[in-house]
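This report refers to the structure that appears directly beneath it.
Protein chains: 2
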Amino acid sequence: MGHGDFLQLAQNYVIFAKPSGPKPSGNGRHAIINYSVLSEAVGYRLRRAQLAVFQDFGESFAAEGLRPADFSVVLLVKHNPGLKQSEVAEALGIQRANFVAIVDGLEGRDLVERRKSETDRRVQALHLTPLGEQFAENMLTTWQAHEDRMVEKLGGPEARDELIRLVNRLTE
Amino acid sequence: MGHGDFLQLAQNYVIFAKPSGPKPSGNGRHAIINYSVLSEAVGYRLRRAQLAVFQDFGESFAAEGLRPADFSVVLLVKHNPGLKQSEVAEALGIQRANFVAIVDGLEGRDLVERRKSETDRRVQALHLTPLGEQFAENMLTTWQAHEDRMVEKLGGPEARDELIRLVNRLTE
DNA sequence: CCGCTACAGTTATACTATATAACTAATTTG
DNA sequence: CAAATTAGTTATATAGTATAACTGTAGCGG
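Heads up: the protein sequence lines correspond to chains A and B, in order. This note's numbering numbers the first residue of the first sequence as 10 and each following residue consecutively. This note's numbering numbers the first residue of the second sequence as 10 and each following residue consecutively.
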């Protein structure tokens, strides 16, 4: 099964919650709360963890203004130059309609280039620009630092592998 | 550290991707794609897994029109009757401003009740209505079936415990 | 070759979740 | 008591996602 082969519903199922603030100002008193099954609910804990990781990701790339989707697109285009726009979109599970704006953004920053295919003029083949290639190098360095922090939190590469192995079962 | 104690940034860090469709219509041909580091990136795989779990959650509760946030609120109010609105919100990492609409919805369905505190008239204490109590029972049954599916996918309760243990490290 | 169908990309639109600021009313504190 | 704080609310903005409709192009069967 390919990375993009997921089921889909006609809706948005989002969000148990999102991390709250660094204590808006807080009087320091916290109610003791019974979380019941939430404490060990796969979806809830997974969501919390994912938000924490994206939080770190966002801080890592705040200066570049790079969002996870942008990162993924640059990465895939770098490693698969000439893919059709729709192929990249599908690989990442992004609807082609929504993918347009993402590519617009990257093209506007001169990181990615749309090249009309000679053999099929409907197709926009995606390539990194020279600037994009350079950007991708730095991007991967920044990303690796982020990933290293996550792996460290997890307790090392073995723990990371175990986590990946487990979560992959949920998407198969 | 309480469940609600997370860092926060002034932004949204969302989304590597979201599951794409059941093949829009598809010619069956798939480009072979090099995912590079994405295949084992903690954030990416975590996000994919979380979406898959929420997908199942959404299907489970499609009839009830219950979203994850609603579920969590009903659960917390059931197990912590009389908590202040803002305490529930903070526990779930939901901003109090956004929490208003959630409670409005649950109150409108006669599942949750706002009771003005006698000792502090600013406070809305949350309680389940009798209907809400009943609803919570069914809700938990439905939820348990969902959770069981997830645990089965993971390979059993031990795998689930291991997963929870790992992801919790990311939120600590 | 023509017409039908499928496909790639795009535009427009709507909805959900979230973030921020400002406001009201009530309470606490100096 | 006045000033600051708190709880809840309202309004508004933004990001991510979903859906439909449209344009232009390609391919196929008669």
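Backbone N, C-alpha and C define an ideal beta-carbon position, used for all residues, glycine too.
Rounded straight-line distance, which links the Cα of residue j to that of residue i
| i | j | result |
| --- | --- | --- |
| A/Lys87 | A/His136 | 7 angstroms |
| B/Arg76 | A/Glu127 | 47 angstroms |
| A/Arg124 | A/Leu84 | 18 angstroms |
| B/Ala132 | B/Val112 | Strictly speaking, residue 132 of chain B in this sequence is Val, with Ala absent from that position. Near 14 angstroms, if we compare the C-alpha coordinates of B/Val112 and B/Val132. |
| A/Thr151 | A/Phe70 | 8 angstroms |
| A/Arg56 | B/Ala78 | 12 angstroms |
| B/Asp65 | A/Ser45 | 20 angstroms |
| A/Val109 | B/Ile41 | 22 angstroms |
| B/Glu171 | A/Gly74 | 35 angstroms |
| B/Arg54 | A/Leu175 | 10 angstroms |
| B/Gln143 | A/Asn43 | 19 angstroms |
| B/Leu163 | A/Gln94 | 34 angstroms |
| B/Arg169 | A/Ser81 | 28 angstroms |
| B/Leu141 | B/Arg158 | The displayed chain sequence assigns Gly, not Leu, to residue 141 of chain B. Whole-angstrom Cα-Cα distance: 25 angstroms. |
| A/Leu115 | A/Glu167 | 35 angstroms |
| B/Leu60 | B/Thr138 | 31 angstroms |
| B/Ala58 | A/Leu179 | 6 angstroms |
| B/Lys32 | B/Ala72 | Legend: pLDDT at B/Lys32 = 34, less than 50; position of this residue unreliable, no value from coordinates given. |
| A/Ser48 | B/Ala106 | 24 angstroms |
| A/Gly120 | A/His155 | It should be noted that the sequence gives Leu, not Gly, for residue 120 of chain A. Using only the alpha carbons, I get a separation of about 22 angstroms. |
| A/Met148 | B/Gln104 | 32 angstroms |
| A/Ala145 | A/Phe63 | 19 angstroms |
| A/Gly67 | A/Gln153 | 14 angstroms |
| B/Arg130 | B/Glu122 | 15 angstroms |
| A/Ile4 | B/His39 | Here chain A comprises residues numbered 10 to 181, so residue 4 of chain A is not present and cannot be evaluated. |
Collapsed DSSP secondary structure at residue i in the structure displayed
| i | result |
| --- | --- |
| B/His88 | helix |
| A/Asn36 | Legend: pLDDT at A/Asn36 = 44, less than 50; position of this residue unreliable, value from coordinates given subsequently. Coil, per DSSP. |
| A/Glu99 | helix |
| B/Ala134 | strand |
| B/Arg123 | strand |
query: When you check each C-beta in the stretch 102 to 120 of chain B against every C-beta of chain A, which residues fall closer than 8 angstroms?
result: Gly102, Ile103, Gln104
Members of the stretch 74 to 102 of chain B that neighbour chain A once the beta carbon cut-off is set at 9 angstroms: Residues Arg76, Pro77, Ala78, Phe80, Ser81, Leu84, Leu85, Lys87, His88, Asn89, Leu92, Lys93, Glu96, Val97, Ala98, Glu99, Ala100, Leu101, Gly102.
- prompt: Which residues, taken in chain order from the stretch 138 to 157 of chain B, show a beta carbon closer than 9 angstroms to some beta carbon of chain A?
  reply: Leu149, Trp152, Gln153, His155, Glu156
query: Would you call the stretch 91 to 99 of chain B and the stretch 89 to 103 of chain A touching, i.e. three or more CB-CB distances under 8 angstroms?
result: no
message: Ignoring anything shorter than 4 residues, give me the alpha helix (DSSP H) runs that lie fully in the stretch 39 to 77 of chain A, in order along the chain.
response: 51 to 69
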